[in-house]
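Below is one structure, written out as structure tokens; the observations come after it.
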Amino acid sequence: MSSSKGPVLVAPLKDLCVKVVAGNFENDPNFGRLPDKYIKKVTDVLPLDLPLELVGMLINDEEYWKRRCNARWKNTEVTAHGNSFKQMYFERNLQDAIEQYDPATSSEGDLRRLMTYSRRFVQTLTLRQLPSHMDLGIIFDCMGNSPSALAVHYNLQNVGMEYDRSLFGMKLADCRALAKALEANETLTYLDLSNNGLDDDKVRMLASGLVENLSITHLSLAHNKIADRGVRALAKLLDGRSVIALLELQDNQIHTEGAKSLGRALKSNQALASLNLRLNRMGDDGCKVICEALRTNAVLERLNLAANSAGQATVASVTALLRLNAVMSELDVSCNPAIGPEGCEQLRRAVEQNSSLTRVDMRQCGGSIDTEFAVAEALRVRLEKLGLSKG
39 MSSSKGPVLV APLKDLCVKV VAGNFENDPN FGRLPDKYIK KVTDVLPLDL PLELVGMLIN
99 DEEYWKRRCN ARWKNTEVTA HGNSFKQMYF ERNLQDAIEQ YDPATSSEGD LRRLMTYSRR
159 FVQTLTLRQL PSHMDLGIIF DCMGNSPSAL AVHYNLQNVG MEYDRSLFGM KLADCRALAK
219 ALEANETLTY LDLSNNGLDD DKVRMLASGL VENLSITHLS LAHNKIADRG VRALAKLLDG
279 RSVIALLELQ DNQIHTEGAK SLGRALKSNQ ALASLNLRLN RMGDDGCKVI CEALRTNAVL
339 ERLNLAANSA GQATVASVTA LLRLNAVMSE LDVSCNPAIG PEGCEQLRRA VEQNSSLTRV
399 DMRQCGGSID TEFAVAEALR VRLEKLGLSK G
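Each residue of the sequence shown is one higher than the one before, counting from 39 in my numbering.
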């Protein structure tokens, strides 16, 4: 009797082998002598919950790590992670572990092991909250040459009605521990401690460790409470040994005396290329001191003095600076209404005579639209001559 059923289709042996290798990968983690195209087929069907210690060294296929990232997080933009899904996974996985670490319920040993293993793949570590206030020195102890960039914000996520201001910001003990860690660190190049409630005492504590550090080139202390005593300590970091190229101090409480401390340091500094002092309280005299100090400085390329109550004294100092300076490419003096129409005209003439500036912001300074347009047109022509115009 003939059967009414059609022929049974059997999967090719190669496809069956791929499924077997993928299904048993955790127990037998190797590809043997499989050709590359079959290794790719195996990684395409590998489970996404395999231990990191297992797949970290063996799997470099970006599609696998993309699937793993997409399964865990909604936002999987890799630009901030070296354009690598693998790097992104390790960095965000470690970030989550540190942010959620609770010494009362979590094992420090497990966290240390994760840091030690992740150091091969982590370059940038951004911590949006740190409720444990753990000693950040642990990171450098466990991770050796990683990370090269560290951003720490002592905030709390999703606090709702349980908001308590005392839970936000760095404590003096946090600053002391980080300062000690920074003394010996030789690989960290970027440090962001913005929006951490840092005052003068805390910054002075941090500076005691930063003064011994010769690796950090980008330091952000923006959106804090740093006043003149704190800036005096920071100014000592800008000595002849300094390697800090970008210093962000915007939105602090720096007054004229603090500006004078920075000015003295800038006269001999040979490393700082960008200084952001926007939204401080330096006043006309403080801004003038900064600009006067830069007359003998041949390295600073970007200066931001926006919203500092600058006035006529600053205008005179800036115009004198621009006649001498052939290095500065960006200048921001916006939101200083005391500069006024005549001051804006003086700045316009100085900009037109200067040969290095490619970006100037003098909005909200009391100048006319015609003056601002003339400055913009002068810079556009200059950019075209330099071959930098994007148009």
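Think of the CB as a built atom: it goes at the ideal place given N, C-alpha and C, for glycine as much as any other residue.
Here the structure is a predicted model, which is why all the values come from computation and not from measurement.
Next item on the list: Starting from residue 162, follow its DSSP beta bridges and name the residues at the other end.
Entry: As a first step, residue 162 is located in the sequence shown; it is residue number 124 there, counting from the start. Per DSSP, 187.
Check: Assuming residue 132 contacts residue 86 under a Cβ cut-off of 8 Å, what Cβ separation, rounded to an integer in Å, is found between them?
Finding: As a first step, residue 132 must be located in the sequence shown, where it is residue number 94. As a first step, residue 86 must be located in the sequence shown, where it is residue number 48. So it is not a contact: roughly 18 Å between Cβ atoms.
Check: At which residues does the beta strand (DSSP E) containing residue 341 begin and terminate?
Finding: In the sequence shown, residue 341 corresponds to position 303, counting from 1. That run of the beta strand (DSSP E) goes 340–342.
Next item on the list: Just grab the DSSP bridge partners of residue 246 for me.
Entry: Stepping through the sequence shown from its first residue, residue 246 is reached at position 208. Looking at the DSSP assignment, residue 246 forms no beta bridge with any residue, so it has no partner.
Next item on the list: List the residues that DSSP assigns as beta-bridge partners of residue 257.
Entry: Here residue 257 is taken as the residue at index 219 of the sequence shown, counted from 1. In the DSSP output, where bridge partners are listed per residue, residue 257 has 229, 285.
Note to self: Measuring alpha carbon to alpha carbon, tell me which residue in 168, 226, 206, 328 is nearest residue 134.
What the structure shows: As a working note, residue 134 is residue 96 in the sequence shown. Residue 168 is the option with its Cα nearest to residue 134.
Margin query: From the DSSP secondary-structure annotation, give me the bridge partner or partners of residue 100.
Written below: Sequence index remark: in the sequence shown, residue 100 carries index 62 (1-based). According to DSSP, residue 100 bridges with nothing at all.
Note to self: the ligand FAD and residue 347: does the residue's C-beta get closer than 7 Å to at least one heavy atom of that ligand?
What the structure shows: For the structure depicted, the ligand FAD is absent and the ligand set is empty, with no information on it obtainable.
Next item on the list: Can you check DSSP and say which residues form a bridge with residue 397?
Entry: By 1-based counting over the sequence shown, the position of residue 397 is 359. Looking at the DSSP assignment, residue 397 forms a beta bridge with 368.
Next item on the list: Reducing DSSP to helix, strand and coil, say where residue 312 ends up.
Entry: Here residue 312 corresponds to residue number 274 of the sequence shown, with the count starting at 1. If DSSP states are grouped into helix, strand and coil, residue 312 belongs with the strands.
Next item on the list: Within its chain, find whatever has a CB closer than 7 Å to the CB of residue 159; leave out the 5 residues flanking it on each side and keep chain order.
Entry: On the sequence shown, position 121 is the one that residue 159 refers to. Contacts found: 94, 124, 125, 128.
Margin query: At the level of alpha carbons, what is the spacing between residue 82 and residue 96?
Written below: If you number the sequence shown from 1, residue 82 lands on position 44. If you number the sequence shown from 1, residue 96 lands on position 58. Residue 82 and residue 96: Cα-Cα distance of roughly 14 Å.
Margin query: Can you tell me whether residue 102 is buried or exposed? The criterion is at least 16 other CB atoms within 10 Å of its CB, across all chains shown.
Written below: The residue given as residue 102 occupies position 64 in the sequence shown. It is buried - the Cβ of residue 102 has at least 16 other Cβ atoms within 10 Å.
Checklist line | Enclosing alpha helix (DSSP H) for residue 147 [first to last residue] | finding: As a working mapping, residue 147 is identified with position 109 in the sequence shown. 146–156 is the span of the alpha helix (DSSP H), which, as asked, contains residue 147.
Next item on the list: Just mark residue 364 as buried or exposed, buried being the case when its beta carbon has 16 or more other beta carbons within 10 Å.
Entry: The count along the sequence shown starts at 1 and reaches residue 364 at position 326. With fewer than 16 Cβ atoms within 10 Å of its Cβ, residue 364 is classed as exposed.
Item checked: N-terminal and C-terminal residue of the alpha helix (DSSP H) that residue 131 is part of -> Within the sequence shown, residue 131 is the residue found at index 93, counting from 1. Here the alpha helix (DSSP H) through residue 131 covers 123–137.
Notebook entry, point to check: Taking C-beta to C-beta, are residue 307 and residue 325 nearer than 8 Å?
Noted result: Locating residue 307 in the sequence shown gives position 269, counting from the first residue. Locating residue 325 in the sequence shown gives position 287, counting from the first residue. Against a cut-off of 8 Å, the Cβ pair of residue 325 and residue 307 comes out as no contact.
Margin query: By the three-class DSSP mapping on this structure, what secondary structure does residue 171 have?
Written below: As a working mapping, residue 171 is identified with position 133 in the sequence shown. In this structure, residue 171 counts as coil in the three-state DSSP scheme.
Next item on the list: Tell me whether the beta-carbon of residue 248 lies closer than 8 Å to the beta-carbon of residue 188.
Entry: In the sequence shown, residue 248 corresponds to position 210, counting from 1. In the sequence shown, residue 188 corresponds to position 150, counting from 1. No, Cβ-Cβ distance for residue 248 and residue 188 is not below 8 Å.
Check: Between residue 216 and the rest of its own chain, which residues show a CB-CB distance below 6 Å, the 5 nearest in sequence each way excluded?
Finding: Taking the first residue of the sequence shown as 1, we reach residue 216 at position 178. Around residue 216: 174.
Margin query: One question on the structure: do residue 256 and residue 283 come within less than 8 Å of each other, judged by their Cβ atoms?
Written below: Residue 256 sits at position 218 when you count from the first residue of the sequence shown. Residue 283 sits at position 245 when you count from the first residue of the sequence shown. Yes.
Notebook entry, point to check: Which term fits residue 80, buried or exposed, when burial requires 16 or more other beta carbons within 10 angstroms of its beta carbon?
Noted result: As a position in the sequence shown, residue 80 is number 42, starting the count at 1. Looking at its Cβ environment, which holds 16 or more other Cβ atoms inside 10 Å, residue 80 is buried.
Note to self: With three or more C-beta pairs closer than 8 Å as the rule, is the segment 388–395 touching the segment 359–373?
What the structure shows: yes
Checklist line | Contact check, residue 293 vs residue 270, beta carbons under 8 Å | finding: By 1-based counting over the sequence shown, the position of residue 293 is 255. By 1-based counting over the sequence shown, the position of residue 270 is 232. No, the Cβ-Cβ distance between residue 293 and residue 270 is not below 8 Å.
Notebook entry, point to check: Taking just the CA atoms, how far does residue 72 sit from residue 78?
Noted result: Stepping through the sequence shown from its first residue, residue 78 is reached at position 40. Stepping through the sequence shown from its first residue, residue 72 is reached at position 34. Cα to Cα, residue 78 sits roughly 10 Å from residue 72.
Check: Should residue 201 be labelled buried (16 or more other beta-carbon atoms within 10 Å of its own) or exposed?
Finding: Start at 1 with the first residue of the sequence shown, and residue 201 comes out as number 163. With fewer than 16 Cβ atoms within 10 Å of its Cβ, residue 201 is classed as exposed.
Margin query: Using the Cβ count rule (16 or more neighbours within 10 Å means buried), how would you classify residue 39?
Written below: If you number the sequence shown from 1, residue 39 lands on position 1. Bear in mind that the predicted position of residue 39 carries a pLDDT of just 49, short of 50, making it too unreliable to give a figure here.
Note to self: In whole angstroms, give me the CA-to-CA distance for residue 205 and residue 250.
What the structure shows: Stepping through the sequence shown from its first residue, residue 205 is reached at position 167. Stepping through the sequence shown from its first residue, residue 250 is reached at position 212. Computed Cα separation, rounded: 30 Å.
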